[in-house]
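Undergrad: Below is the structure I would like to discuss, written out as C-alpha cells.
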Amino acid sequence: MHTINEKDKNRLRSLAHKQAEYANSAKNDEILKKWNALKEGRRESPTVRLLFSNFPHEVIEPRLQCEGEKARSIERSLLATLVGRELFDDDTPISATYDVAWHTYVSPFGAQPKITRAPGENAMGFHIDPVIGDLDEDIDKLRGGSFGADREGTQEQITLAQELFGDILPVRMVMGSLPGALTNPLVALMGMENYYLSMYDCSEELHEVMDMACTVYENYYDFLEKEKLLLPTVDISPVSQESFAFNHELPAENVTKTTQCWGFMEAQEATAISADMFGEFVFPYQDRLAKRFGLLSYGCCERVDAIWPEYVSRWKHLRKLSVSPFNNEAQVGEYLRGSNVVYYSKPRAEYVTNPGPLDEEAIRAYFKGVAEAASGCLLEVAQREVGTIYGDYNRGKRYVQLAKESIETYWKP
463 MHTINEKDKN RLRSLAHKQA EYANSAKNDE ILKKWNALKE GRRESPTVRL
513 LFSNFPHEVI EPRLQCEGEK ARSIERSLLA TLVGRELFDD DTPISATYDV
563 AWHTYVSPFG AQPKITRAPG ENAMGFHIDP VIGDLDEDID KLRGGSFGAD
613 REGTQEQITL AQELFGDILP VRMVMGSLPG ALTNPLVALM GMENYYLSMY
663 DCSEELHEVM DMACTVYENY YDFLEKEKLL LPTVDISPVS QESFAFNHEL
713 PAENVTKTTQ CWGFMEAQEA TAISADMFGE FVFPYQDRLA KRFGLLSYGC
763 CERVDAIWPE YVSRWKHLRK LSVSPFNNEA QVGEYLRGSN VVYYSKPRAE
813 YVTNPGPLDE EAIRAYFKGV AEAASGCLLE VAQREVGTIY GDYNRGKRYV
863 QLAKESIETY WKP
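In the numbering used here, the protein residues as written are 463 to 875.
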C-alpha cells in the first residue's frame, strides 16, 4: 500500500470536502434537473459543457500541490471532477462519491501499434508507422487479441481512497460504457491508406480481420459477465466521448448481462468511404456488437448524416448520437427531431482556440446555428477538441456563458 504524507493527505481531504460541497449544492441540483430531463426524454433545457481533455496541462497540472506520485494521481482525479464547475461554470454534474472503475482492458488485435509523436511536451500530432504493410501477407500478426482485469490494483485504489477521505466522499464503483472500437485500433496498426486500399486489394482478409476483432470483444463481454465485473451504467456514470449515462431504461443494480449496460461504438476512420462501403465493411461487425448492449452511444468525429438512413437508424436502442461539425447538422436535426436519441453536439473549437480576444458576436451567431439545427431534439452540447484556452480560465467561463445564452435563446423544444 502506498504511503501518503500528512501534507498530501490534508490536500486531498480538502479537495474531497470541496467536491462534497459542490455535489450537495443548489447549483448541482439545478444541473441534475437538466440531466434528468434528458434521462426522461423531456425537451426542457440543454446541457452545455467545455471539456478539457486536450488541455489538462492548463487546468490540472498548474494546480497540483501534492508531492508524492500516488497522491498527485488522486489529486488529478479530484481536480478533474471539479474543473467544469470550479473554472468554467458549465453543466458538468458532480457526484458526492469518489468513483472507481474495475481496472479492465481489451485489445482486439495481437499486434501493438508504433506511433511517432510530434515533438513538444504538449504536442497533439502523431504519425502512424504501420506494422501491417500488406494485409494479405501480414494478417497473422493481428491474431491473438487479449483482455483481462486487475482486481488487486482496483482493490488497492478503493482501499486507499477509503482510508484517505472515505468519511467525506464514499467510494463508489462505476463502469464506463462497454467498448467496441474496430476501425480505430486497426488503422493504428496499418495506417489509413493501407486500410482503404485493403477494401479493394484484399477484401476477404479485411472481413476476416473484422470478424477476428468482433470475436475478441464478444469474448471480453462474456468474460465480464462470468467474472461478475459488470456494473450499472446509469446517471453520473461515464459514457465514452466524455458524456454520462443518464437513462431510465437500464437497471441501477444487479447487473449481470452486457445487454443491461450502455455500449459505445464509432468509426471515424471510415468517414471518407461511401455509405455502401460502410455497409459492407463496417456495419455488419458493429451490428454484431450492438446486439450485446442495452443502450448505445454512437460516433466521434465522423459524418453520421451519410450513414444514418440505411444503417445507424436501425439501432432502436441508440440513445446518443455524436454530431460533429463535419456533418450537415441541420439534416441530423431532421433525423433526430422528436426522437429519444440525444443530439450530442460537438461544436467547432476554433471560436475558443483562436488567439486574441473572444469574438463574442461570432460565438453567439455560431451557437444560434447549433440551437436551430437541434431544435426539437434532446440536446447535449459538449465543446471537445479544444487544444488550448491559453491558460485563461475566464476565457473558458465566458465562452460557456455565451454558448448557454445562445442555446437558451434560440433552441426550441
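Glycine included, every Cβ here is placed at the ideal spot set by N, Cα and C.
Kindly indicate which residue of Thr621, Ile594 and Ala732 has the alpha-carbon position closest to the one of Lys576.
TA: Position 114 of the sequence shown holds residue 576. Cα-wise, what sits closest to Lys576 is Ile594.
Undergrad: How should Asn656 be labelled, buried or exposed, when 16 other C-beta atoms within 10 angstroms of its C-beta is the threshold for buried?
TA: Here residue 656 refers to the residue found at position 194 when the sequence shown is read from its first residue. Looking at its Cβ environment, which holds 16 or more other Cβ atoms inside 10 Å, Asn656 is buried.
Undergrad: From the DSSP output, in three-state form, read off Gly756 for me.
TA: Here residue 756 refers to the residue found at position 294 of the sequence shown. Gly756 falls in the coil class under three-state DSSP.
Undergrad: Leaving out five residues on either side along the sequence, give the residues of the same chain with a beta carbon under 6 angstroms from the beta carbon of Gly606.
TA: Position 144 of the sequence shown, counted from the first residue, corresponds to residue 606. If we look at Gly606 and ignore the five residues flanking it on each side, its Cβ neighbours are Gly572.
Undergrad: As an exercise, report each continuous alpha helix (DSSP H) stretch of at least 4 residues that is fully enclosed by the region 711–744, in chain order.
TA: Runs of the alpha helix (DSSP H) inside the region 711–744: 737–743.
Undergrad: Using 10 angstroms around the beta-carbon of Pro555, count the other beta-carbons present and answer buried if the total reaches 16, otherwise exposed.
TA: Walking along the sequence shown from the start, residue 555 turns up at place 93. Classification for Pro555: buried.
Undergrad: Using a Cβ-Cβ cutoff of less than 8 angstroms, which residues in the same chain neighbour Ala811 once the five nearest sequence positions on both sides are dropped?
TA: Working through the sequence shown from its first residue, we reach residue 811 at position 349. Contacts found: Gln845, Arg846, Glu847, Val848 and Gly849.
Undergrad: Which same chain residues end up closer than 7 angstroms to His710 when comparing Cβ atoms and leaving out the 5 residues on each side of it in sequence?
TA: Walking along the sequence shown from the start, residue 710 turns up at place 248. Closer than 7 angstroms at the Cβ level, and outside the excluded window around His710, lie Lys501 and Glu502.
Undergrad: Might you give, ordered along the chain, the residues of its own chain that have their beta carbon closer than 7 angstroms to the beta carbon of His464, omitting 5 neighbours on each side?
TA: Walking along the sequence shown from the start, residue 464 turns up at place 2. Correct list, in chain order: Lys532 and Leu622.
Undergrad: Excluding the 5 residues flanking Arg547 on each side, which residues of the same chain have their C-beta closer than 7 angstroms to its C-beta?
TA: As a working note, residue 547 is residue 85 in the sequence shown. Around Arg547: Tyr484, Thr554 and Ile556.
Undergrad: Report yes if the C-beta distance between Tyr682 and Val785 is below 8 angstroms; otherwise report no.
TA: By one-based count along the sequence shown, residue 682 stands at place 220. By one-based count along the sequence shown, residue 785 stands at place 323. No, they are not a contact pair.
Undergrad: Taking Ala732 as the reference, give the member of Leu758, Val696, Gly653 and Ser801 with the closest Cα.
TA: Numbered from its first residue, the sequence shown carries residue 732 at position 270. Taking only the C-alpha atoms, the option nearest Ala732 is Gly653.
Undergrad: Are Leu692 and Val717 touching if we call contact CB-CB under 8 angstroms?
TA: Position 230 of the sequence shown, counted from the first residue, corresponds to residue 692. Position 255 of the sequence shown, counted from the first residue, corresponds to residue 717. Closer than 8 angstroms, so yes.
Undergrad: Would you kindly report the start and end of the unbroken beta strand (DSSP E) that includes Tyr560?
TA: Mapped onto the sequence shown, residue 560 falls at position 98. Run containing Tyr560: Tyr560 to Ala563, per the beta strand (DSSP E) assignment.
Undergrad: For the alpha helix (DSSP H) containing Gly610, name the first residue and the last one.
TA: For the purposes of this step, residue 610 is taken as residue 148 along the sequence shown, with counting starting at 1. Element bounds for Gly610: not the alpha helix (DSSP H) but the beta strand (DSSP E), Ser608 to Asp612.
Undergrad: May I have the straight-line CA-CA distance separating Ser487 from Arg634, to the nearest angstrom?
TA: Here residue 487 refers to the residue found at position 25 of the sequence shown. Here residue 634 refers to the residue found at position 172 of the sequence shown. Near 20 angstroms, if we compare the C-alpha coordinates of Arg634 and Ser487.
Undergrad: Any idea which residues DSSP pairs Pro700 with across the strands?
TA: Taking the first residue of the sequence shown as position 1, residue 700 is located at position 238. Beta-bridge pairing links Pro700 to Phe706.
Undergrad: What do you reckon, are the CB atoms on Ser639 and Phe726 nearer than 8 angstroms?
TA: Residue mapping note: residue 639 aligns to position 177 of the sequence shown, counting from 1. Residue mapping note: residue 726 aligns to position 264 of the sequence shown, counting from 1. Taking 8 angstroms as the Cβ cut-off, Ser639 and Phe726 qualify as a contacting pair.
Undergrad: Alpha carbon to alpha carbon, how far is Met586 from Lys469?
TA: For this step, residue 586 is matched to residue 124 along the sequence shown. For this step, residue 469 is matched to residue 7 along the sequence shown. Met586 and Lys469: Cα-Cα distance of roughly 34 angstroms.
Undergrad: Less than 8 angstroms separating the beta-carbons of Val794 and Tyr805?
TA: The residue labelled residue 794 in the question sits at position 332 within the sequence shown. The residue labelled residue 805 in the question sits at position 343 within the sequence shown. It is a contact, given that the beta carbons lie within the stated cut-off.
Undergrad: Compute the distance between the beta-carbons of Thr566 and Gly610, then report whether it is under 8 angstroms.
TA: Counted from its first residue, the sequence shown places residue 566 at position 104. Counted from its first residue, the sequence shown places residue 610 at position 148. It is a contact, given that the beta carbons lie within the stated cut-off.
Undergrad: Since Arg511 is in the alpha helix (DSSP H), which residue starts that stretch and which ends it?
TA: Numbered from 1 along the sequence shown, position 49 holds the residue referred to as residue 511. Per DSSP, Arg511 belongs to no alpha helix (DSSP H); it is in the beta strand (DSSP E), Thr509 to Leu512.
Undergrad: Could you say if the region 666–678 and the region 640–649 meet the contact criterion of at least three C-beta pairs nearer than 8 angstroms?
TA: Output reads yes: the region 640–649 touches the region 666–678.
Undergrad: Identify the continuous beta strand (DSSP E) that holds His589 and give its terminal residues.
TA: Working through the sequence shown from its first residue, we reach residue 589 at position 127. Per DSSP, His589 belongs to the beta strand (DSSP E) from Phe588 to Asp591.
Undergrad: For the candidate residues Asp612, Leu541 and Leu659, whose alpha-carbon lies nearest to that of Asp598?
TA: Working through the sequence shown from its first residue, we reach residue 598 at position 136. Closest option to Asp598, Cα to Cα, is Leu659.
Undergrad: By Cβ distance below 7 angstroms, which residues in the same chain neighbour Ala836 in space, the five residues on each side in sequence not counted?
TA: The residue given as residue 836 occupies position 374 in the sequence shown. So the list reads Gly795, Tyr805, Ser807 and Trp873, once near-sequence residues are dropped.
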